[in-house]
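Below is one structure, written out as structure tokens, with a few remarks after it.
Number of protein chains: 2
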Amino acid sequence: MSLPSQDERISDDIGIRLRLVRQIFGLTQRELARRAGVTNGAISLIEQNRVSPSISSLKKILEGIPLSLADFFTLNFSPSDEVFFAADDLTEIAHQPEISMRLVGRRTKGRALGMLHEVYQPGADTGETMLRHEGEECGIVVSGCLTVTVGTQERTLRPGEAYYFRSDIPHRFRNQGTEPCVLISANAPPTF
Amino acid sequence: MSLPSQDERISDDIGIRLRLVRQIFGLTQRELARRAGVTNGAISLIEQNRVSPSISSLKKILEGIPLSLADFFTLNFSPSDEVFFAADDLTEIAHQPEISMRLVGRRTKGRALGMLHEVYQPGADTGETMLRHEGEECGIVVSGCLTVTVGTQERTLRPGEAYYFRSDIPHRFRNQGTEPCVLISANAPPTF
DNA sequence: AAGATTTGTTGAAAATCCTAAACGCACGGA
DNA sequence: TCCGTGCGTTTAGGATTTTCAACAAATCTT
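Shown next, in the form of structure tokens:
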């Protein structure tokens, strides 16, 4: 009967995980227990890794937060867990002098999303050999004009106008105007 | 990661899911039981949804496949298509009068990415009950000022400044300034 | 400073899960 | 046909989890 000294049967860090999540959302064991329809004692034992909850219990508890089982197990507290705020230190990743592409957030692996602050000087051109890569991308022109070619379609976008397409369709960006063009774009999964 | 609505439906039937996975990997209950170090009876009961396994059991069983808990609860596929160019006809999706959120691209299912052109009038606030959803999001302030609260951190961003964070951390946007704030944001997977 | 609340932690009993062993069924070979 | 093998299912009982209720510590209130 005695409590088995936490052998590997008790899954990893379910308890720690639950406690962390619960605290992040500012709930007490009792409050969460009330919402979930379980007892606070159960939550206490689980968080201490003294027991390994049944799926049904864990699911009930997570519904009180609420959080799906999938999200609970997928939640990654270490990698891209940080909050990013940037002033002028967006990292430059452009390859051409007349094009500036500055990345929002750190260039870490495992991101779901990439966002760029781009500036195309007059005459800037990503080239006749059209770009092609995996994923999808979109953007909004903030100032200036940008000529976007996607597959057989071409269009010159003005401030406030936008695009969205699959990145495996050959594409090209050009500034045929006389003033610099500012574009904010995003892609998923991130290319950079 | 998967969409919450789908998660709920899926995680309801752990049993069906386990049986499906087991069969996909061409294992019998007994063979899986042997590899996992549990009894075939347990697997049978679980697959029939006669019991709700403990996390430790389910984890042991999945290790026999092998498959991680996170992977077990997440199974998703989705394609996408079409080229999108928009002028002023970005679709409005905001629910508050003092906040405008206009979506780039069509509101189709299976997109990899969502991009919004947002305008926060002075005083606009997404609310004290912080927002929280799956995925990651980022944005750049184009004009005006925006106060962004993420978890315990808060910061007021000015034009050119940006943020990036995991969307499951409670967050809130407010315009505490005197002029409208224009923000371009992106999220993956798309919330809208 | 004492009392009232709120917090997380326990112990024993009730509820639920897991194991061991047996059961029924289907298939194949001698 | 009879036997052996392999499949998923079932049952009884031991093992584990969950509840219920009480507990100590910390924080507020008065």
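Line order of the protein sequences matches chains A and B. Just so you know, the numbering used here puts 157 at position 157 of the first sequence, and the rest follows in order with no gaps. Just so you know, the numbering used here puts 1092 at position 92 of the second sequence, and the rest follows in order with no gaps. We treat Cβ as the ideally placed atom computed from N, Cα and C, and that holds for glycine. Predicted model only: the values in this text are computed from it and were never measured.
Own chain, CB closer than 6 Å to residue i, minus 5 neighbours either side, in chain order
| i | result |
| --- | --- |
| A1124/B | E1098, I1099 and N1175 |
| V1150/B | F1165, I1169 and H1171 |
| P1189/B | G1135 |
| F1077/B | Unreliable placement is indicated for F1077/B, whose pLDDT of 24 sits below 50; the coordinate value is still reported in the next sentence. Excluding sequence neighbours, F1077/B sits near nothing in its chain. |
| L1131/B | H1171 |
| M115/A | V104 and A186 |
| A87/A | With a pLDDT of 47 at A87/A, under the threshold of 50, the modelled position of this residue cannot be trusted, and the question is left open. |
| H1133/B | S1167 and T1191 |
| E1161/B | V1141 |
| T1126/B | R1172 and F1173 |
Contact list for residue i against chain A, beta-carbon separation under 9 Å
| i | result |
| --- | --- |
| F1199/B | Residue 1199/B lies beyond the range of chain B shown here (1001 to 1192); nothing can be said about it. |
| I1016/B | Result: empty, since nearest Cβ-Cβ is about 13 Å, beyond 9 Å. |
| D1125/B | Chain A residues near D1125/B: none, gap ~19 Å exceeds 9 Å. |
Close-in-space but distant-in-sequence residues of the same chain around residue i (CB under 7 Å, 5 per side omitted)
| i | result |
| --- | --- |
| D1081/B | At D1081/B, the pLDDT of 37 sits below 50, so the modelled position is not reliable; the number obtained from the coordinates is stated separately. If we look at D1081/B and ignore the five residues flanking it on each side, it has no Cβ neighbours. |
| P159/A | V141, V142 and S143 |
| E179/A | P122 and G144 |
| R107/A | T91 and F192 |
| E128/A | none |
Contacts of residue i in chain A (Cβ-Cβ under 8 Å)
| i | result |
| --- | --- |
| E1136/B | S80, R111, A112 and L113 |
| P1053/B | S54 and I55 |
| L1045/B | In chain order: nothing, as chain A lies at least about 12 Å away. |
| D1013/B | What D1013/B touches in chain A: nothing, since even the nearest Cβ is about 11 Å away. |
Contacts of residue i in chain A (Cβ-Cβ under 7 Å)
| i | result |
| --- | --- |
| V1142/B | V142 |
Partners in chain B for residue i, counting only beta-carbon separations shorter than 7 Å
| i | result |
| --- | --- |
| V104/A | C1138, I1140, A1162 and Y1164 |
| I184/A | I1140 and I1184 |
| A188/A | A1112, L1113 and A1188 |
| L58/A | I1055 |
First through last residue of the beta strand (DSSP E) which encompasses residue i
| i | result |
| --- | --- |
| I65/A | Unbroken run through I65/A: none, as it is neither H nor E. |
| I93/A | Looking at the DSSP string, I93/A is not in any beta strand (DSSP E), and its letter there is neither H nor E. |
| G139/A | E136 to S143 |
| R166/A | A162 to R166 |
| E1154/B | Q1153 to L1157 |
| G114/A | G114 to Y120 |
| L146/A | L146 to V150 |
| N187/A | C181 to A188 |
| H171/A | H171 to R174 |
Alpha helix (DSSP H) segment containing residue i, residue limits
| i | result |
| --- | --- |
| Q29/A | Q29 to A36 |
| A1124/B | Looking at the DSSP string, A1124/B is not in any alpha helix (DSSP H), and its letter there is neither H nor E. |
| I46/A | N40 to E47 |
For residue j and residue i, believed in contact at Cβ under 8 Å, the rounded distance
| i | j | result |
| --- | --- | --- |
| L1183/B | E1118/B | 4 Å |
| T156/A | C145/A | 6 Å |
| A112/A | M101/A | The pair is not a contact, with the Cβ atoms about 19 Å apart (cut-off 8 Å). |
| I61/A | V38/A | 6 Å |
Chain B contact residues for residue i, given Cβ-Cβ distances below 8 Å
| i | result |
| --- | --- |
| H117/A | I1140, G1160 and A1162 |
Cut-off 8 Å between Cβ atoms - residues of its own chain near residue i, not counting five sequence neighbours on either side
| i | result |
| --- | --- |
| Q29/A | R22, N40, I43, S44 and E47 |
| I14/A | I46, N49, S52, P53 and L58 |
| F25/A | I65 |
| L69/A | I55, L58, K59 and L62 |
- Does the stretch 160-178 of chain A come close enough to the stretch 1011-1020 of chain B that 3 or more CB-CB pairs lie under 8 Å? no
- Message: For the stretch 1055-1074 of chain B against the stretch 1137-1150 of chain B, do three or more pairs of beta-carbon atoms, one drawn from each stretch, fall closer than 8 Å, so that the two count as touching?
- Response: no
- State whether the stretch 1051-1071 of chain B contacts the stretch 44-61 of chain A, with contact taken as three or more CB pairs (one from each stretch) at a distance under 8 Å. yes
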